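Undergrad: Per the UniProt record's numbering, the sequence shown starts with residue 1, numbered consecutively. Note that beta-carbon positions come from the ideal geometry of N, C-alpha and C, so glycine has one too. Just so you know, these numbers come straight off a predicted model, no measurement behind them.
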Amino acid sequence: MGGSKAQRRKRGKHSNTKSRKNEDGTSMSRQEFQDLVEQRRQEKKATKKTSSQFSIDQLLEKVDEYLDTFEYEMAQKFCQRALQMEPDNVRALESSGNLLAELGDTDGARKCFGRAITVCPEEGFSKYMYMGQLHEGLEGLQFFQKGVELMIKERDGEQKEESGASCSSESSASKVTNADICRAYCSIAEIFLTDACFEEDSDERCKAAIDQAVNEDPHSPEAHQLLASYWLSKDNKQEAIASMKKSLSLWQYLEGDGEGGGSNDDIIVEPILSYENRIGAAKILMELEMWDESENVLHTLLEEDDEVVQVWYMLGLVQHERGLEQCKPQARYYLHKAKKLYCALSCDDEEVLVHIDELLTSLGPGEGDQDDWMERQGKEEEEEEDEEDGDIDSEASSDEEEEEEEEMEH
């Protein structure tokens with residue numbers, strides 16, 4: 001029935017030989033095979049040991065620690081162990097999805113967040129917000145809308161709990177803030193401004209989402225900036241300018257740049273708007289021909305990171321679009337810096353490079369072509385300031401001499 005012992009030994013020998021292969025197909029020596037078996041045994045033992053030593057929560061705390069220090073490989077190992085223990089643990093699925101998204105594995109991230117939604121569809125908004133970011137157009141819109149619904153539900157529930165415990169000496173802060181809900185509405189509005197702009201009633205739904213965002217957080221610069229984009233899409237320049245001025249007033253002088261006054265100018269604070277949002281702000285300001293404001297925003301970005309081709313290019317474009325003769329040297333300088341950096345970083349956006357060359361051709365050769373031009377300009381400005389300071393000092397000393405002479409006469 002099972003064959004002779006010799007046949008079974010033969011089959012076993014053949015099977016064993018077949019399994020002793022390296023990844024490249026070459027035969028594995030007996031010692032190599034034993035080492036591999038021992039390695040796998042140790043890995044299995046380590047996994048069992050870790051699983052017995054740590055609870056799910058402890059494993060996920062380790063994941064968060066490794067994510068904070070950008071040790072993604074270690075974070076992934078602890079995520080996998082947590083999911084081995086509880087495959088449908090929502091927190092583990094969300095942590096794994098977040099990690100995979102960071103690593104660029106979009107499909108894997110979608111599967112994790114999708115499973116988390118299946119397991120727990122009516123609680124926890126974050127998985128819906130992540131899924132909204134991982135999808136485009138109307139598909140992403142559905143996730144954002146469900147996420148907002150759960151955010152509002154959670155916030156309202158927390159507020160009721162807080163009001164019920166108002167007599168208590170301690171009150172826990174709400175996990176969901178108005179600012180969180182405002183940002184979610186902004187995400188919805190962005191979809192209607194871009195991917196879903198041709199959908200029926202997209203204008204009305206976009207405006208409604210922005211109005212809800214502003215209503216949730218009237219002090220959100222992102223919401224007012226989106227409102228400016230909306231008015232631009234409707235060719236209403238005056239309303240767009242008013243919205244951008246409002247947005248700028250809510251963040252531009254709140255980042256310790258020394259222009260807001262006070263003693264906190266040296267304190268380093270997290271930018272209120274993301275780098276990408278501030279680039280977006282500069283673009284809108286350029287469309288509105290608010291050149292000074294656009295240049296100011298771009299310079300703050302340059303101080304933060306001076307190796308972004310787009311910022312140098314946009315600075316050159318601002319000076320070019322001003323259309324003034326005295327702006328041409330600066331335009332040349334910024335555009336040359338953009339081109340030099342483009343080549344150094346091996347960028348692949350050929351349209352930007354072509355446009356840089358077109359702008360430089362239209363400007364023609366002249367001042368601003370050399371890298372040290374801006375440095376020389378800075379020295380000249382410093383010398384002018386020193387001369388002005390000297391004039392002020394001489395005027396002050398002459399005033400003091402006159403006062404002394406008057407006192408002597410008396």
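By a C-beta neighbour count over all protein chains shown, 10 Å radius and 16 as the cutoff for buried, is Tyr275 buried or exposed?
TA: The residue you call residue 275 lines up with position 275 of the sequence shown. Tyr275 is exposed by the Cβ-count criterion.
Undergrad: Within the same chain, show all residues whose beta-carbon is closer than 7 Å to that of residue 462, passing over the 5 residues directly before and after it, in chain order.
TA: Outside the modelled stretch of the chain, which goes from 1 to 410, sits residue 462, for which no answer is possible.
Undergrad: Looking only at its own chain, which residues have a Cβ that is under 8 Å from the Cβ of Lys234, when we skip the five neighbours before and after it?
TA: Numbered from 1 along the sequence shown, position 234 holds the residue referred to as residue 234. So the list reads Asp203, once near-sequence residues are dropped.
Undergrad: CA-CA distance, Glu102 and Gly147?
TA: Counting from 1 along the sequence shown, the entry for residue 102 is found at position 102. Counting from 1 along the sequence shown, the entry for residue 147 is found at position 147. Those two C-alpha atoms are separated by around 20 Å.
Undergrad: From Gln212, Asp107, Met151, pick the residue whose C-alpha is nearest to that of Tyr128; which is it?
TA: As a first step, residue 128 is located in the sequence shown; it is residue number 128 there, counting from the start. Of the candidates Gln212, Asp107, Met151, the one whose C-alpha sits nearest the C-alpha of Tyr128 is Met151.
Undergrad: Okay, do the stretch 304 to 319 and the stretch 276 to 291 touch, 3+ Cβ pairs below 8 Å being the bar?
TA: Because the criterion of three Cβ pairs below 8 Å is met, the stretch 304 to 319 and the stretch 276 to 291 touch.
Undergrad: Assign Pro221 to one of two classes, buried (16 or more other C-beta atoms within 10 Å of its C-beta) or exposed (fewer than that).
TA: Locating residue 221 in the sequence shown gives position 221, counting from the first residue. Buried, because 16 or more other Cβ atoms sit within 10 Å of the Cβ of Pro221.
Undergrad: What's the call for Ser362, buried or exposed, on a 16-neighbour Cβ count within 10 Å?
TA: For the purposes of this step, residue 362 is identified with residue 362 of the sequence shown, where counting begins at 1. Ser362 is exposed by the Cβ-count criterion.
Undergrad: For Glu154, collect the residues of the same chain with a Cβ closer than 6 Å to its Cβ; drop the 5 residues on either side in sequence, then sort them by chain order.
TA: Within the sequence shown, residue 154 is the residue found at index 154, counting from 1. Taken in chain order, the residues that qualify are Val176.
Undergrad: Could you give the first and the last residue of the continuous alpha helix (DSSP H) run that contains Ala196?
TA: For the purposes of this step, residue 196 is taken as residue 196 along the sequence shown, with counting starting at 1. Per DSSP, Ala196 belongs to no alpha helix (DSSP H) and is neither H nor E.
Undergrad: With H, G and I counted as helix, E and B as strand and the rest as coil, what does DSSP make of Pro329?
TA: The sequence position of residue 329 within the sequence shown is 329, counting from 1. Of the three classes helix, strand and coil, the one that applies to Pro329 here is helix, per DSSP.
Undergrad: Quick one: using the 10 Å Cβ neighbour count with 16 as the cut-off for buried, is Ala223 buried or exposed?
TA: Along the sequence shown, one-based indexing puts residue 223 at 223. By the 10 Å Cβ count, Ala223 comes out buried.
Undergrad: Please identify the residue among Ala344, Gln225, Leu60, Asp211 whose C-alpha is closest to the C-alpha of Glu287.
TA: Reading the sequence shown from its first residue, position 287 is the one you call residue 287. Of Ala344, Gln225, Leu60, Asp211, the residue nearest in Cα terms is Gln225.
Undergrad: Taking the beta carbon of Gly364 as the centre, do at least 16 other beta carbons fall within 10 Å, making it buried, or is it exposed?
TA: Within the sequence shown, residue 364 is the residue found at index 364, counting from 1. Exposed, by the Cβ-count rule.
Undergrad: Does the pairing of the stretch 345 to 352 with the stretch 367 to 378 give three or more beta-carbon distances under 8 Å?
TA: The stretch 345 to 352 vs the stretch 367 to 378: no contact.
Undergrad: Report the three-state DSSP secondary structure of Glu122 (helix, strand or coil).
TA: Here residue 122 corresponds to residue number 122 of the sequence shown, with the count starting at 1. It is coil, neither helix nor strand.
Undergrad: Within a Cβ cutoff of 7 Å, which residues of the same chain sit near Leu285, ignoring the five residues on either side of it in sequence?
TA: By one-based count along the sequence shown, residue 285 stands at place 285. Once the five neighbours on either side are set aside, the close Cβ partners of Leu285 are Met244, Glu293, Ser294, Val297.
Undergrad: Would you decide whether Thr69 is buried or exposed? Buried here means 16 or more other CB atoms lie within 10 Å of its CB.
TA: For the purposes of this step, residue 69 is identified with residue 69 of the sequence shown, where counting begins at 1. Flag for Thr69 reads exposed.
Undergrad: Smallest Cα separation from Ala179: which of Arg115, Glu200, Gln212?
TA: As a working note, residue 179 is residue 179 in the sequence shown. Of the candidates Arg115, Glu200, Gln212, the one whose C-alpha sits nearest the C-alpha of Ala179 is Gln212.
Undergrad: Residues in its own chain within less than 7 Å of Gly261 by CB, not counting five upstream and five downstream?
TA: Against the sequence shown, residue 261 aligns to sequence position 261. Below a pLDDT of 50, predicted positions are generally treated as unreliable, and Gly261, at 40, falls in that range; no measurement from the model is reported.
Undergrad: Just to confirm, are Gly132 and Phe113 a CB contact at a threshold of 7 Å?
TA: Stepping through the sequence shown from its first residue, residue 132 is reached at position 132. Stepping through the sequence shown from its first residue, residue 113 is reached at position 113. Against a cut-off of 7 Å, the Cβ pair of Phe113 and Gly132 comes out as no contact.
Undergrad: Between Trp312 and Ala281, is the Cβ-Cβ spacing less than 7 Å?
TA: By one-based count along the sequence shown, residue 312 stands at place 312. By one-based count along the sequence shown, residue 281 stands at place 281. Not closer than 7 Å, so no.
Undergrad: How big is the Cα-Cα spacing for Phe192 and Ala228?
TA: Stepping through the sequence shown from its first residue, residue 192 is reached at position 192. Stepping through the sequence shown from its first residue, residue 228 is reached at position 228. Distance between the alpha carbons of Phe192 and Ala228 is about 14 Å.
Undergrad: Compute the beta-carbon to beta-carbon distance between Leu138 and Arg91, rounded to the nearest angstrom, for a pair I have assumed lies under 8 Å.
TA: Indexing the sequence shown from 1 puts residue 138 at position 138. Indexing the sequence shown from 1 puts residue 91 at position 91. Rounded, the Cβ-Cβ distance is 29 Å, inconsistent with contact.
Undergrad: Tell me whether Leu324 is buried or exposed, calling it buried when 16 or more other Cβ atoms sit within 10 Å of its Cβ.
TA: Position 324 of the sequence shown, counted from the first residue, corresponds to residue 324. Counting Cβ neighbours within 10 Å, Leu324 comes out exposed, since fewer than 16 surround it.
Undergrad: So, under 8 Å CB-CB, Glu367 and Pro329 are touching, yes? Tell me the CB distance rounded to an integer number of Å.
TA: Within the sequence shown, residue 367 is the residue found at index 367, counting from 1. Within the sequence shown, residue 329 is the residue found at index 329, counting from 1. That pair is a contact at about 4 Å.
Undergrad: Nearest to Glu190 by CA position, among Leu335, Phe78, Glu136, Phe125, is which residue?
TA: For this step, residue 190 is matched to residue 190 along the sequence shown. The candidate whose alpha carbon is nearest that of Glu190 is Glu136.
Undergrad: Using CA atoms only, rank isn't needed, just tell me which of Leu273, Cys197, Leu134 is closest to Ile106.
TA: As a first step, residue 106 must be located in the sequence shown, where it is residue number 106. In the sequence as displayed, the identity of residue 106 is Thr instead of Ile. Considering only alpha carbons, the answer is Leu134.
Undergrad: For Asp217, does the count of other Cβ atoms within 10 angstroms reach 16, so buried, or fall short, so exposed?
TA: Working through the sequence shown from its first residue, we reach residue 217 at position 217. The residue in question, Asp217, is buried, as its Cβ has 16 or more Cβ neighbours within 10 Å.
Undergrad: Measure the alpha-carbon distance for Leu353 versus Ala196 and round it to whole angstroms.
TA: Translated into positions along the sequence shown, residue 353 becomes position 353. Translated into positions along the sequence shown, residue 196 becomes position 196. Distance between the alpha carbons of Leu353 and Ala196: 30 Å.
Undergrad: Find the nearest neighbour of residue 453 within the set Leu301, Leu93, Glu303, judged by alpha-carbon distance.
TA: This structure cannot speak to residue 453, because the chain is shown only from 1 to 410.
Undergrad: What are the boundary residues of the alpha helix (DSSP H) that Ile272 is part of?
TA: Translated into positions along the sequence shown, residue 272 becomes position 272. Where Ile272 is concerned, there is no enclosing alpha helix (DSSP H), given that its DSSP letter is neither H nor E.
Undergrad: Determine the direct distance from the alpha carbon of Arg40 to that of Arg30, and round the result to whole angstroms.
TA: Within the sequence shown, numbered from 1, the residue matching residue 30 stands at position 30. Within the sequence shown, numbered from 1, the residue matching residue 40 stands at position 40. If you take the alpha carbons of Arg30 and Arg40, they lie about 16 Å apart.
Undergrad: Flag this pair as yes or no: are the beta carbons of Leu315 and Tyr334 separated by less than 7 Å?
TA: Walking along the sequence shown from the start, residue 315 turns up at place 315. Walking along the sequence shown from the start, residue 334 turns up at place 334. Closer than 7 Å, so yes.
Undergrad: Would DSSP call Val214 helix, strand or coil?
TA: Within the sequence shown, residue 214 is the residue found at index 214, counting from 1. In this structure, Val214 counts as helix in the three-state DSSP scheme.
Undergrad: Rounded to the nearest angstrom, how far is the Cβ of Ile356 from that of Gln310, given a contact under 8 Å?
TA: The count along the sequence shown starts at 1 and reaches residue 356 at position 356. The count along the sequence shown starts at 1 and reaches residue 310 at position 310. 11 Å between Cβ atoms; not a contact.
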